[in-house]
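Mapping the sequence shown onto this note's numbering, position 71 (from 1) lands on 73, and the numbers just tick up by one.
Even for Gly, the Cβ is constructed at its ideal location relative to N, Cα and C.
For clarity, every value in this text was computed on a predicted model and none was experimentally measured.
As structure tokens, the structure follows; a few thoughts come after it.
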Amino acid sequence: MSAPTKEQKVKSVLTVYRNRDPVYGYRYVADPYSGCSQGCTYCPQQDQTVEISINAAEVLSRQLAKKPRETVGIGDKCDPYMTLEKHYLITHDLLQVLVVQGFPVHIVTRSTLVLRDRKILQEIATKSMAAVTFKFCSPSISVAKHLEPNAPSPIKRFSALSSLASKGITCGISISPILPFIGDDQKSLKQLVLAAKESGASYVLRAPLTLPSKLDKVFYAFLEKNYRELIQPYRFLYGKEGRVPESYWRPIDEMIETLAREQGLCTEAPYWTEVQSKQLSLF
Ligand code: SF4
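Structure representation (structure tokens):
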């Protein structure tokens, strides 16, 4: 079932965070859509009306004009390559703005449609940095199909990653969200890290599933239907906070860190700023 959509003109498309995102590292965010039509079972954006910012490129061009150049994240609260993008090309137009104004980009997606924009990404990469992070919740085709019904299979995502990496675009994976008792076993995590390495990724990021109150009901309905035996363990683990405790997360976090380092992969997001780049060029 596809989400309802609404076209709108926005006054602002750029968000500037005070601090860098703890997982993806960017401070500037420019999302082409608000909401997402991909319908992942664990996502607070599912079932919301997707608002399509039809004038996003024009507004971004104006907003970036006086900003110092640093990495712009695309795909913070939506998938910028959801099916709608085939028709609207808003992500494509945002990238054109970044090329013209000389800004680096970090795209976060589960979709292979990003391949369509490889030439623009290559152009950005020659001037500063173009990074693409593919997200995965499991290496298993059937588990991924269950949880992310409208996203391409993990195999197709790795193949897209490989294609972009071979063209000089910085690529990595984010194992996110990690679902307790479904996608947190060592075998699955290792499979993802090895596939990332084989495909040409240079980094591995990760984040656990959170259950904000607006998602709670939908997610437990999903568990009831598909993983009934996990309802109690989830209630116990997530409590009222909607977050996993540190005692659960730390060993998983460390395991991924070790697996990634064994493969020579970085565990931090790529990042580019004009200031940093000028400093480096002095040495
Ligand atoms: S693709 Fe991303 S933003 Fe869209 S529903 Fe899935 S998790 Fe949410």
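Strand pairing of residue i, partner residues [DSSP]
i            : result
leucine 16   : Ala32
glycine 173  : The amino acid occupying residue 173 in the given sequence is cysteine; glycine does not appear at that position. For cysteine 173, which the question treats as bridged, DSSP gives the partners Val134.
glutamate 72 : Thr275
serine 55    : Gln10
Close beta carbons around residue i, own chain, < 7 Å, minus the five adjacent residues each side
i             : result
lysine 1      : Shown here, the chain extends from 3 to 285; a query on residue 1 therefore has no answer.
arginine 245  : Thr212
lysine 199    : Gln265, Leu267
leucine 96    : Ala32, Pro34, Ala58, Ala59, Leu62, Ile76
aspartate 186 : Ile180, Ile254
Same chain, Cβ closer than 8 Å to residue i, neighbours up to 5 away in sequence not counted
i              : result
proline 70     : Thr275, Glu276, Val277
isoleucine 143 : Ser155, Pro156, Ile157
serine 201     : Phe160, Ser161, Leu163, Ser164, Ala167, Cys173
Sequence-distant residues of the same chain with beta carbon closer than 6 Å to residue i, five excluded per side
i            : result
proline 106  : Thr73, Ser130, Met131, Trp274
alanine 162  : Thr114, Leu117
proline 154  : Thr114
valine 99    : Ala59, Leu62, Ser63
glutamine 65 : Leu16
alanine 127  : Gly170, Ile171
leucine 91   : none
threonine 43 : Leu149, Phe224
For residue j and residue i, believed in contact at Cβ under 8 Å, the rounded distance
i           : j           : result
leucine 225 : leucine 217 : The Cβ separation is near 12 Å, so there is no contact.
lysine 122  : valine 206  : Note on identity: in this sequence residue 122 is isoleucine, with lysine being the wrong assignment. So it is not a contact: roughly 25 Å between Cβ atoms.
Reference residue i; option with closest CA among the options
i            : options                       : result
glutamate 9  : Tyr30, Thr17, Tyr19, Val52    : Val52
lysine 137   : Cys80, Arg118, Thr85          : Cys80
valine 101   : Arg263, Arg120, Met257        : Arg120
arginine 118 : Thr128, Pro210, His94, Gln103 : His94
arginine 29  : His108, Gly41, Ser4, Tyr90    : His108
glycine 27   : Ala133, Asn152, Cys45         : Ala133
serine 215   : Thr7, Gln47, Glu125, Val12    : Gln47
Residue i: first and last residue of the uninterrupted beta strand (DSSP E) it sits in
i             : result
glutamate 150 : Looking at the DSSP string, glutamate 150 is not in any beta strand (DSSP E), and its letter there is neither H nor E.
N-terminal and C-terminal residue of the alpha helix (DSSP H) that residue i is part of
i              : result
isoleucine 92  : 92-103
glutamine 10   : That residue, glutamine 10, is in no alpha helix (DSSP H); its beta strand (DSSP E) goes 7-10.
tyrosine 250   : 248-264
isoleucine 109 : Careful: isoleucine 109 lies outside any alpha helix (DSSP H), inside the beta strand (DSSP E) at 107-111.
glutamate 125  : 120-129
glutamate 226  : 215-228
valine 195     : 188-201
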